[in-house]
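Asker: Just add 15 to wherever you are in the sequence shown, counting from 1, and you've got this note's numbering.
Got a structure for you, questions after.
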Amino acid sequence: MRCCHRHSSEPALPQSRAFSLPGATEHYAAERPLRAEHVRIQLELDFEQGRVTGVCTTRVSAVRLSSTLTFDAVDLDVSRVLVDERPVRFTNSGSHVRVELPAPLPPGQAAQVAIHYTARPRRGLYFWGPEAAYPDRPRQAWTQNQDTDARHWFPCLDTPAQKATSELIATFPDGLTALSNGVLVSDTVQDQRRTQHYRMEQPHAPYLVTLAVGDFEELTDTAGTVPLRYLFPRGRREDALRCVRRTPEMVRVFQEATGEPYPWSGYAQVFLTEFIFGGMENTTATSLTDSVLHDARAHADYNAEPLISHELAHQWFGDLLTCRDWPHGWLNEGFATWFEVLWKERADGQDEADHHRQADLEAYLGEVKERYARPIVSRRFHAPLDVFDRHLYEKGGLVLHELRRRLGDELFFRGLRHYVSRHRHGSVETVDLSRAFEQATGHNLDAFFDQYVFAPGHPELKVEVRHEAEEGRLRLKVRQTQRTDAGTPLFRLPLDVVVTVEGRDTRHRLDVTDAEHFFHLPCPTAPSQVRVDPRRDVLGTLDVDKAVGLWLEELRAAPESRARTEAAHALGRDGGHRAVETLGTALADARLFWGTRAACAKALGRIRTPEARARLLASLRAEHPRVRRAVVAALGEFRRDAEVIALLRSLLQSGDTSYFVEAEAARSYGKLRAADALTVLETTSTRPSFQDAIAVGAMDGLAESQDPAAFPLVEARTAYGQPAFLRRAATQAVARLAEVAGRQREAVDLLAELLRDPMFRVQMGVFEAARTLGDRRIIPALEGTPLSDARARRAARETVRALREGEPQARELASLREEVDLLKEATRAMREKLEGLCLAKPPPPPASKARATRPARGKQAAARKKPGKPPAGKRRR
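Right, here's the structure in full:
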C-alpha cells in the first residue's frame with residue numbers, strides 16, 4: 016500500500032509528543048486454534064442500494080481441539096451458517112460471528128463453514144457512480160482491505176498470518192467487468208447480469224483478497240513469461256501507458272534483486288476512481304488511484320513510477336512474504352519503499368535515486384519534528400493503520416539502505432535473496448530478517464536492528480572540519496547530539512569522508528561509536544574539498560561546519576550531485592557575494608543534475624539580495640521544468656518587487672509548458688502581495704490541469720496574499736462538486752485566511768461540516784486546516800463526528816491534542832513570518848555594506864611557502880590525540 020501524495024498528506028504537529036494516544040492498547044498476533052485453508056466468496060452486487068448478498072465458505076483445519084469458531088464480521092446480516100452442509104447455531108455480535116461446531120474438531124481435521132449474509136459495507140467495499148454534483152464519475156465498485164477491513168464485506172479470519180487459497184465469484188450488471196486475484200476461470204452472462212469467477216491457487220492473506228468492478232478498457236503485455244494486464248477508464252489509454260509502460264522492466268529488475276522469479280500466475284493493475292490510497296498490492300491484482308493518470312504535458316515533470324514500482328515490489332514483500340502481524344508491517348512497506356529507490360537507481364541513475372531517497376529522509380525527519388519519534392516496531396496503538404506512517408514506510412526503507420551501505424552490495428543482496436528464499440509463502444517478523452542476513456553474511460545484526468528498528472530516533476551528527484596546516488592533518492570533530500533520555504540510543508555507525516587534494520580523492524570511513532570523537536586524517540596540503548557523507552547516506556541529520564571555500568569548491572566540482580546539493584543549501588545560509596556568484600553559475604549550468612540546480616534557486620531565494628534576484632530572473636526560462644519551478648518559487652521571496660510581480664503576472668497570463676510551474680507561479684504571486692493578486696489568481700484557478708495543480712496553486716496563493724477579500728473566493732471552492740484536490744487546498748486556504756478576514760466562526764462551522772464529507776481526501780484535509788486555524792471551538796466536532804476510517808480517527812485525536820496543548824495558531828505564525836522577513840531585509844543590507852568594505856580592503860600578504868608546506872612531523876595516523884583534546888573514539892566527560 017502506498018499513499019501517492021506522501022509529502023503533503025500527513026498531519027503536522029509539534030515535536031516531543033508521544034506516538035501512543037490515550038486509550039491505546041498493546042496489539043499482538045491473534046491466536047490460531049483453527050487454520051484457514053481455502054476461502055470461497057460468492058457475491059451479488061447491487062449498485063443501486065450499495066449492497067452485497069453473499070455466501071462465504073471457508074475450509075478450516077483444527078490446530079487444537081476446537082468446538083467453536085469465531086469469524087471477524089462487521090455489520091454483516093447473517094441469515095444462516097452451515098458446517099459441512101448442515102445448519103448450526105451461531106451468534107452475531109455485529110463485529111464477530113461465533114459458530115458452534117456440531118462436534119469438537121480434533122487437531123488436523125478439516126470442516127467447511129458456509130456463512131450466508133447481506134451487507135451494506137461502510138468499509139472494505141465501496142460503490143461509486145455518477146450523481147448530480149459529479150455527473151461524469153464512472154460506475155465502479157472496489158475493495159480496499161488493509162489493514163483489517165476485509166471483515167466488512169466477507170466473514171474471515173482477518174489476520175495477516177491466516178494465509179489461504181481463494182476464489183471469488185461476482186455477479187454484477189452486464190456491460191461491466193471484474194478483476195480479482197488469480198486467474199479467470201469462467202465468464203457468463205444471464206438476464207443482463209454478468210458473473211465472473213476468479214481462482215487463486217496459492218495461499219495469501221485475507222487483506223489481499225480483492226474485487227474491482229467497472230467499465231474498463233484493457234491492454235495486455237508480458238514480462239518474460241508473466242502475463243500483464245492493465246485496466247483503466249475508457250479513453251485514457253495513453254495516460255495509462257505513461258504510468259505502467261516500464262512494468263516489464265521493473266519485473267526483471269525485481270526478479271534479479273530478490274533471486275525469486277515473479278511468484279504468481281500473472282500481474283494486473285487497475286486504475287480506480289476515488290481510491291482512498293495511492294495503491295494497494297492485492298495479490299496478482301494491484302489497485303491504483305486514477306488520479307495518477309496523466310497527459311503528455313504533465314509527464315515532462317511527473318511520473319507515477321514510484322507508486323507503480325512500490326506496489327509491484329509488494330508482490331514479493333507483503334504478498335509472498337507477509338508480516339506476521341501489523342507491528343512488523345515495515346517488512347512489507349519498508350521493503351516496497353526501498354524498492355522505489357532501487358528502481359530509480361537501475362532505471363534513471365544514481366542521481367535520481369539519491370534525490371528520491373533524500374525525499375524519503377525528509378519525510379521521516381519531518382514526522383519526527385512535527386509529530387513523534389517511535390520505534391518502527393511499536394505495539395501500542397488504537398488501530399493497526401496508526402503505524403502506517405513515515406516510520407513504517409520511509410524510515411523502513413532507509414533502514415534497508417543503511418544496511419546495504421554497511422554490508423556492501425555483494426553481501427546485502429546475498430542476504431536479501433536468502434531471506435526471500437527461506438520465507439517465501441510464509442509469515443515473518445523482524446527477527447526473521449535479521450537471522451536470514453546473519454546466516455547469509457556471517458554478520459550479527461542484533462545491535463543494528465536494536466538501534467534502528469526497536470528504538471526511536473536517529474543519529475543527529477554535528478561535524479566540524481578544520482585543516483591544521485602546522486600539524487599536516489585534517490581534524491574532524493564528530494558529535495552525536497540527539498537526546499537519549501526518551502530511549503534514543505547513541506549509535507554505532509560508519510561515516511564516509513572524501514578528501515580532495517590537488518585533484519585527487521581519498522576516501523576515509525570513520526567509525527562513530529561515542530557521543531564525541533576527534534578524527535585526524537593525514538593532509539599535509541590544504542584540501543580543496545572535504546565531502547562528509549557525500550551521497551547523504553546516513554539515516555539521520557548531518558550538520559557540517561567547514562570553511563565557505565570548501566562549500567564553494569564542492570558546488571563547483573563535486574562528482575556526487577548530492578554533495579553539490581548540500582553545498583547549495585550551505586551557501587544559502589552563508590549568503591555572501593561569492594556564494595551568490597557560485598550559486599548563480601550552478602543554477603545556469605544545464606549540465607548539472609536538476610535537483611542541484613533547484614537547490615541553488617532555493618538558496619538564492621533565501622539570500623534575497625539584488626544579485627541573487629538577478630541570477631534567478633536570468634534562469635526564469637530554464638529548460639528543465641523542475642528547475643523553472645524552483646526559480647519561480649524562489650522569486651516569491653521578493654515581496655512587493657515590481658519587476659518580479661510583472662514577470663510572474665506575465666507567466667500566469669501566457670502560461671508555461673508545465674502545469675507545476677504555473678502552479679508555483681500562482682503561489683509566489685500571492686506571496687508577493689501584488690495589488691491585483693485576487694483578480695489574477697481567481698482567473699488562474701479556473702484553468703484545468705493534471706490533479707488541478709494550477710487551481711491548487713491559486714488557492715495557496717490566495718491564502719498567501721492574506722487579503723480578507725480572498726476568503727469568500729476560497730470558501731466557494733470547498734463546495735461538494737468541486738474537484739477533490741482543489742477542495743482540500745481551498746479548505747486549508749479558508750483556515751489561513753479566517754483570522755485576517757474576521758471569519759473564524761464561519762471557518763469552524765465549515766470544517767465541522769466537511770468532517771462528514773464523503774470524499775476521504777477532503778475529510779483528511781480538515782484536520783490540517785483545524786490545526787492551522789487553531790480555534791478550540793472545533794474540538795466538539797472533532798470528538799463527536801463518527802469517523803469510519805482509522806486514519807481519520809487518529810488524525811482527529813492528534814488534532815484535538817494539539818489544540819488543547821496550544822499549538823501555535825496561524826495568525827501567530829504569520830506574524831512571526833512578517834518579523835523574519837523584516838530581519839532578513841535588515842541582514843541583507845548589512846551584508847552588502849560589509850562586503851563592500853571587504854572588497855575595498857587590500858588583501859593580506861601571502862603566507863610563506865615554507866610554512867604552507869611544513870611537513871606533518873610524522874603525524875600521519877588517521878586518528879591522533881591533540882594536546883588538550885580527548886582522543887578519537889573517546890566520549891567527552
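Backbone N, C-alpha and C define an ideal beta-carbon position, used for all residues, glycine too.
Computed from a predicted structure; not experimentally measured.
By a C-beta neighbour count over all protein chains shown, 10 Å radius and 16 as the cutoff for buried, is residue 159 buried or exposed?
Answerer: Working through the sequence shown from its first residue, we reach residue 159 at position 144. With 16 or more other Cβ atoms within 10 Å, it is buried.
Asker: Kindly identify the DSSP beta-bridge partner or partners of residue 282.
Answerer: Counted from its first residue, the sequence shown places residue 282 at position 267. Paired residues: 243.
Asker: Less than 8 Å between C-beta atoms, sequence neighbours within five positions excluded: which residues of the same chain meet that for residue 251?
Answerer: Within the sequence shown, the letter at position 236 stands for residue 251. The residues are 232, 286, 305 and 308.
Asker: Could you tell me the distance, in whole angstroms, from the CA atom of residue 76 to the CA atom of residue 181?
Answerer: As a first step, residue 76 must be located in the sequence shown, where it is residue number 61. As a first step, residue 181 must be located in the sequence shown, where it is residue number 166. Spanning the two alpha carbons is a distance of roughly 15 Å.
Asker: Looking at the structure shown, is residue 122 part of a helix, part of a strand, or coil, going by DSSP?
Answerer: Along the sequence shown, read from residue 1 onward, the residue named residue 122 stands at position 107. The answer is coil: DSSP assigns residue 122 none of H, G, I, E or B.
Asker: Tell me the DSSP bridge mates of residue 50?
Answerer: As a working note, residue 50 is residue 35 in the sequence shown. Answer by DSSP bridge pairing, in chain order: 76.
Asker: By how many angstroms is the C-alpha of residue 819 removed from the C-alpha of residue 116?
Answerer: For this step, residue 116 is matched to residue 101 along the sequence shown. For this step, residue 819 is matched to residue 804 along the sequence shown. Answer to the nearest angstrom: the Cα atoms are 51 Å apart.
Asker: So, with DSSP's three-state summary, where would you put residue 149?
Answerer: Taking the first residue of the sequence shown as 1, we reach residue 149 at position 134. Three-state DSSP puts residue 149 in coil, outside helix and strand.
Asker: Residue 56 and residue 246 look like a contact to me (Cβ under 8 Å); what is the Cβ gap, rounded to whole Å?
Answerer: Here residue 56 refers to the residue found at position 41 when the sequence shown is read from its first residue. Here residue 246 refers to the residue found at position 231 when the sequence shown is read from its first residue. Contact flag wrong, Cβ pair sits at about 20 Å.
Asker: Enumerate in chain order the residues of its own chain whose CB-to-CB distance from residue 889 is below 6 Å, with the five nearest sequence positions on each side excluded.
Answerer: Locating residue 889 in the sequence shown gives position 874, counting from the first residue. Confidence is the limiting factor: at residue 889 the pLDDT is only 35, short of 50, which leaves the residue's position unreliable, though a coordinate-based value still follows. Cβ neighbours of residue 889 beyond the five flanking positions: none.
Asker: With three or more C-beta pairs closer than 8 Å as the rule, is the region 461-481 touching the region 513-523?
Answerer: No: fewer than three Cβ pairs fall under 8 Å.
Asker: Below 8 Å on the Cβ atoms is my contact criterion, and I expect residue 710 with residue 667 to pass it. Report the Cβ-Cβ distance as a whole number of Å.
Answerer: The residue you call residue 710 lines up with position 695 of the sequence shown. The residue you call residue 667 lines up with position 652 of the sequence shown. With 8 Å as the limit, residue 710 and residue 667 do not qualify as a contact, their Cβ atoms being about 12 Å apart.
Asker: Buried or exposed: residue 43, going by 16 or more other Cβ atoms within 10 Å of its Cβ?
Answerer: Translated into the one-based positions of the sequence shown, residue 43 becomes position 28. Burial call: exposed.
Asker: Tell me the DSSP bridge mates of residue 61?
Answerer: Along the sequence shown, read from residue 1 onward, the residue named residue 61 stands at position 46. According to DSSP, residue 61 bridges with 66.
Asker: Work out the CA separation of residue 616 and residue 781 for me, nearest whole Å.
Answerer: The residue you call residue 781 lines up with position 766 of the sequence shown. The residue you call residue 616 lines up with position 601 of the sequence shown. Roughly 32 Å separates the two Cα atoms.
Asker: In this structure, what does DSSP give as the bridge partners for residue 302?
Answerer: Numbered from its first residue, the sequence shown carries residue 302 at position 287. Looking at the DSSP assignment, residue 302 forms a beta bridge with 285 and 295.
Asker: Skipping 5 residues on each side, what residues in its chain have a beta carbon closer than 7 Å to that of residue 679?
Answerer: Start at 1 with the first residue of the sequence shown, and residue 679 comes out as number 664. Within the same chain, residue 679 has close Cβ partners 644, 647, 648 and 712.
Asker: Alpha carbon to alpha carbon, what distance is there between residue 739 and residue 144?
Answerer: What you label residue 144 is simply residue 129 of the sequence shown in a count that begins at 1. What you label residue 739 is simply residue 724 of the sequence shown in a count that begins at 1. Taking the straight line from one Cα to the other gives about 15 Å.
Asker: By the three-class DSSP mapping on this structure, what secondary structure does residue 16 have?
Answerer: As a first step, residue 16 must be located in the sequence shown, where it is residue number 1. Coil at residue 16, not helix or strand.
Asker: According to DSSP, what are the bridge partners of residue 488?
Answerer: For the purposes of this step, residue 488 is taken as residue 473 along the sequence shown, with counting starting at 1. Residue 488 is bridged to 483 and 537.
Asker: Just verifying my parser: in three-state terms, what is the DSSP assignment at residue 862?
Answerer: On the sequence shown, residue 862 is found 847 positions in, with the first residue counted as 1. Residue confidence is low: residue 862 scores 41 on pLDDT, short of 50, so the model does not pin down where it sits. Its coordinate-derived value is still stated next. Reduced to three states, the DSSP call for residue 862 is coil.
Asker: Could you check the C-alpha separation between residue 229 and residue 348 for me, to the nearest Å?
Answerer: Along the sequence shown, read from residue 1 onward, the residue named residue 229 stands at position 214. Along the sequence shown, read from residue 1 onward, the residue named residue 348 stands at position 333. Whole-angstrom Cα-Cα distance: 28 Å.
Asker: Could you spell out the range, first to last residue, of the beta strand (DSSP E) harbouring residue 236?
Answerer: Residue numbering aside, residue 236 sits at position 221 when the sequence shown is read from its first letter. Segment 231-238, the beta strand (DSSP E) holding residue 236.
Asker: If we ignore side chains and look at the alpha-carbon of each, how far apart do residue 187 and residue 502 end up?
Answerer: Here residue 187 refers to the residue found at position 172 of the sequence shown. Here residue 502 refers to the residue found at position 487 of the sequence shown. When rounded, the distance between both Cα atoms is 54 Å.
Asker: So the candidates are 805, 796, 804 and 802; which of them puts its Cα closest to the Cα of residue 815?
Answerer: Translated into the one-based positions of the sequence shown, residue 815 becomes position 800. The candidate whose alpha carbon is nearest that of residue 815 is 796.
Asker: Mind checking which residues open and close the alpha helix (DSSP H) that includes residue 819?
Answerer: On the sequence shown, residue 819 is found 804 positions in, with the first residue counted as 1. Its alpha helix (DSSP H) spans residues 805-819.
Asker: With DSSP collapsed to three states, give me the class of residue 869.
Answerer: For the purposes of this step, residue 869 is taken as residue 854 along the sequence shown, with counting starting at 1. Residue placement at residue 869 cannot be trusted, given a pLDDT of 34 that sits under 50; what the coordinates show is reported in the next sentence. Reduced to three states, the DSSP call for residue 869 is coil.
Asker: Could you spell out the range, first to last residue, of the alpha helix (DSSP H) harbouring residue 699?
Answerer: Taking the sequence shown and counting its residues from 1, the one referred to as residue 699 is at position 684. Its alpha helix (DSSP H) spans residues 692-699.
Asker: At a cut of 8 Å, does the region 410-419 reach the region 355-372 through at least three beta carbon pairs?
Answerer: Enough Cβ pairs lie closer than 8 Å, so yes.
Asker: Between residue 807 and residue 92, what straight-line distance do the alpha-carbon atoms span, to the nearest angstrom?
Answerer: Residue numbering aside, residue 807 sits at position 792 when the sequence shown is read from its first letter. Residue numbering aside, residue 92 sits at position 77 when the sequence shown is read from its first letter. Between residue 807 and residue 92, the C-alpha separation is close to 26 Å.
Asker: Hey, quick one: how far does the alpha helix (DSSP H) through residue 347 stretch, first residue to last?
Answerer: Sequence index remark: in the sequence shown, residue 347 carries index 332 (1-based). Note, residue 347: alpha helix (DSSP H), 345-363.
Asker: Any idea if residue 691 is buried or exposed, counting beta-carbon neighbours within 10 angstroms, 16 or more meaning buried?
Answerer: As a first step, residue 691 is located in the sequence shown; it is residue number 676 there, counting from the start. The residue in question, residue 691, is exposed, as its Cβ has fewer than 16 Cβ neighbours within 10 Å.
Asker: Checking 7 Å against the spacing of the C-beta atoms, do residue 111 and residue 139 come in under that value?
Answerer: In the sequence shown, residue 111 corresponds to position 96, counting from 1. In the sequence shown, residue 139 corresponds to position 124, counting from 1. No, the Cβ-Cβ distance between residue 111 and residue 139 is not below 7 Å.
Asker: CA-CA distance, residue 449 and residue 190?
Answerer: Numbered from its first residue, the sequence shown carries residue 449 at position 434. Numbered from its first residue, the sequence shown carries residue 190 at position 175. Computed Cα separation, rounded: 50 Å.
Asker: With 16 other CB atoms within 10 Å as the buried threshold, where does residue 330 fall?
Answerer: Within the sequence shown, residue 330 is the residue found at index 315, counting from 1. It is buried - the Cβ of residue 330 has at least 16 other Cβ atoms within 10 Å.
Asker: Please say whether residue 730 and residue 749 have beta carbons closer to each other than 7 Å?
Answerer: Within the sequence shown, numbered from 1, the residue matching residue 749 stands at position 734. Within the sequence shown, numbered from 1, the residue matching residue 730 stands at position 715. Against a cut-off of 7 Å, the Cβ pair of residue 730 and residue 749 comes out as a contact.
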